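Data block below; observations after.
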Amino acid sequence: MNPTGKRRWRFGLWQLGTVSQTDNNLHVRYLSVSVYIFFSITAIFLIINLNAVVDYFLHPDIPYFDEEHLIVGGVTGLFCFVLLSLIAIYNHQLYQMARKQFIHLQRLEYLTKYANDIILLIDGDGKIVEANERAVATYGYENQQLLKMNWRGLYPKDLLEAVEPQLKQIEEHTGLVFDARHQNKDGALLQVEISSRLLNMNNKKFYQMIIRDITSRKTDEEALRESEDRFRGLFENLTIGLYRTTPDGRIL
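Each residue of the sequence shown is one higher than the one before, counting from -5 in this note's numbering.
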């Protein structure tokens, strides 16, 4: 992500910088384009009328602005102006398209980058091709490290056999929600809930994985279950009778 808008998009005859949300340099860019057009028209005009320019310097006694030179110069100048105006309009349209596309991509990138859940994009071979900030924070790997990893590398070795059946089920149902155990960089086990979706982009298969770390929730559930089991065992093994009543003495 590049929130300052410093990325570059190459369109037409010159390179335009994509805009930031505020686009403080917009007028400077248009001024640069105007200067570019002016000098381009001048250069092409001089090239086409090179013979007249040479005559002007070699034969200064011959009037430069004769009828022939005026006609040729006027026609070529008008042609250059129209041509470069069309190029400028075309590049302006491309610029606007690039601006809209950049803003759209920026919104999507913010949406995924700062999401509370882990978001991974995995190709058909299991290679991780995109990972958000939450994935970096949860698994402990740098972003570039994650992008060099395979999806299987997030599983403990003794659970690798579960990966292929899960991917097949995702393909069969075009999506699947399931629980799994992952392992972070330090080797700690994580209980995760995975909401997966099969995607087809440019005739290539990808898996979108939205992953929620539920380790704390599972730990709390396990602690509650153990507490209930202990209470139940204590209650069932009492040697005296117990009962509950309402305030008016009615046995529940």
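Here a beta-carbon is modelled for each residue, glycine too, at the ideal position from N, C-alpha and C. Every value quoted in this text rests on a predicted model; they were computed, and no experiment measured them.
> Could you give the distance in angstroms between the alpha-carbon of G134 and the alpha-carbon of W145?
Replying inline: 15 Å
>> Just to check my reading of the structure: I116 and I122 have Cβ atoms closer than 8 Å, yes? What is that Cβ distance to the nearest angstrom?
In response: 6 Å
>> Please classify I164 as buried or exposed, where buried requires at least 16 other C-beta atoms within 10 Å of its C-beta.
In response: buried
> How should T252 be labelled, buried or exposed, when 16 other C-beta atoms within 10 angstroms of its C-beta is the threshold for buried?
Replying inline: The chain is shown only over -5 to 246; residue 252 falls outside these bounds and no answer can be derived.
>> Could you tell me the alpha carbon to alpha carbon distance between V171 and R191, rounded to whole angstroms?
In response: 9 Å
> Is it true that the stretch 142 to 160 meets the stretch 80 to 98, where meeting means three or more beta-carbon pairs spaced less than 8 Å apart?
Replying inline: no
>> What would DSSP say about G227, mapped onto helix, strand or coil?
In response: helix
> DSSP three-state call for D152: helix, strand or coil?
Replying inline: helix
> Using the beta-carbon count (16 or more within 10 Å), is Y108 buried or exposed?
Replying inline: exposed
> In the DSSP assignment, what residue or residues form a beta bridge with T239?
Replying inline: I245
> Which residue's Cα is closest to the Cα of I205: I188, K198 and M195?
Replying inline: I188
>> Quick check on Q15: does DSSP put it in helix, strand or coil?
In response: Because the pLDDT of Q15 is 40, which lies under 50, any placement of that residue in the model is unreliable, and the question is left without a value.
> Per DSSP, what kind of secondary structure is I136 in: helix, strand or coil?
Replying inline: According to the sequence displayed, residue 136 carries Glu and not Ile. Of the three classes helix, strand and coil, the one that applies to E136 here is coil, per DSSP.
> Rounded to a whole number of angstroms, what is the C-alpha to C-alpha distance between Q90 and E103?
Replying inline: 20 Å
>> Closest to G147 by C-alpha separation, out of E136, V76, N178 and N231, would be which residue?
In response: N178
> For Y169, which residues of its own chain have a beta-carbon under 7 Å away from its beta-carbon, when the five flanking residues on both sides are left out?
Replying inline: Looking at the sequence shown, residue 169 is not Tyr but Gly. For G169, where only same-chain residues beyond five positions count, the Cβ hits under 7 Å are S190, R191 and L192.
> Does DSSP put N144 in a helix, in a strand, or in coil?
Replying inline: strand
> On the premise that A129 lies in contact with F141, defined as a C-beta separation below 8 Å, what is that separation, rounded to the nearest angstrom?
Replying inline: The sequence shown places Leu at residue 141, rather than the Phe named in the question. About 10 Å; that fails the 8 Å criterion.
>> Assuming Y149 and H176 are in contact, meaning their beta carbons sit under 8 Å apart, how far apart are those beta carbons, in whole angstroms?
In response: 6 Å
> Just curious, the beta strand (DSSP E) that K199 is in, first and last residue?
Replying inline: K198 to D207
>> By the DSSP assignment, the beta strand (DSSP E) with I122 in it spans what residues?
In response: I122 to A125
> If you draw a straight line from the alpha carbon of Q100 to that of L88, how long is it in whole angstroms?
Replying inline: 18 Å
>> Along the chain, where does the beta strand (DSSP E) containing I113 start, and where does it finish?
In response: I112 to D117
> Going straight from the alpha carbon of G118 to that of M195, what length do you get?
Replying inline: 11 Å
> In whole angstroms, what separates the C-alpha of E220 from that of D111?
Replying inline: 29 Å
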